[in-house]
Amino acid sequence: MRKDNRDALLKLMDGFSEAFDREDIDDVMSYFAEDAVYDEFHGIRHVGKTAIREALIPQFRHEFGKLIFHFEDQFVEVGEGKGTGKIMFRWLMTMENGDRAGGWRGLDLLHFKDGLLTHKLTYAKAKTPVVDKKENSERIRRAIDEGVLIAL
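Using our numbering, the first residue of the sequence shown is number -13, and each one after it goes up by one.
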């Protein structure tokens, strides 16, 4: 049974990645649950398909240049139900914008439940980390003041 679950999870990941590669926003969004959460690498959180779509549109419009995610590695944790589990996907992102080009490494931690993406947590290995001030971030304020780890 776990092999079937693993195969279903990998099939979801492949479809999601292929939709991103084709820059098909409608197909990408078809993988998300209605109440899904997308945490961007710079700390901004988007909740729900509408907010996630709005966050992804600039990338699909090439507002930052042409972005390409190159697969490097992945780890799979299979859940109990078909299409349920977690995948950590490591990538190298390259960007080209006019005469500028660059890239960085990162990873996405993707949570799937019943065949839908419920959480997309993105982390990037960048030269300059984003630092939120305590007063500007509920998550940081609670973690510092209360010693609470904010659960997803």
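Where is the CB? At the ideal position from N, CA and C, for every residue including glycine. Nothing here was measured: the structure is a model prediction, and the numbers come from that model.
Check: Is Ile30 helix, strand or coil by DSSP?
Finding: Correct three-state label for Ile30: coil.
Check: When you compare each of Phe2, Met79, Glu82 and Arg(-8) to Leu102 by their alpha carbons, which one comes out closest?
Finding: Checking every option, the nearest Cα to that of Leu102 belongs to Phe2.
Check: Of all the beta strand (DSSP E) runs that stay within the bounds of the stretch 15 to 64, which reach a length of 3 or more residues?
Finding: Here the runs fully enclosed are 18 to 25, 31 to 33 and 52 to 64.
Next item on the list: Determine the direct distance from the alpha carbon of Arg86 to that of Ala112, and round the result to whole angstroms.
Entry: Taking the straight line from one Cα to the other gives about 17 Å.
Checklist line | Alpha-carbon to alpha-carbon, Ala110 and Gly71 | finding: Roughly 22 Å separates the two Cα atoms.
Item checked: Bounding residues of the beta strand (DSSP E) (the contiguous stretch that carries Glu82) -> Unbroken beta strand (DSSP E) run through Glu82: Gly71 to Asn83.
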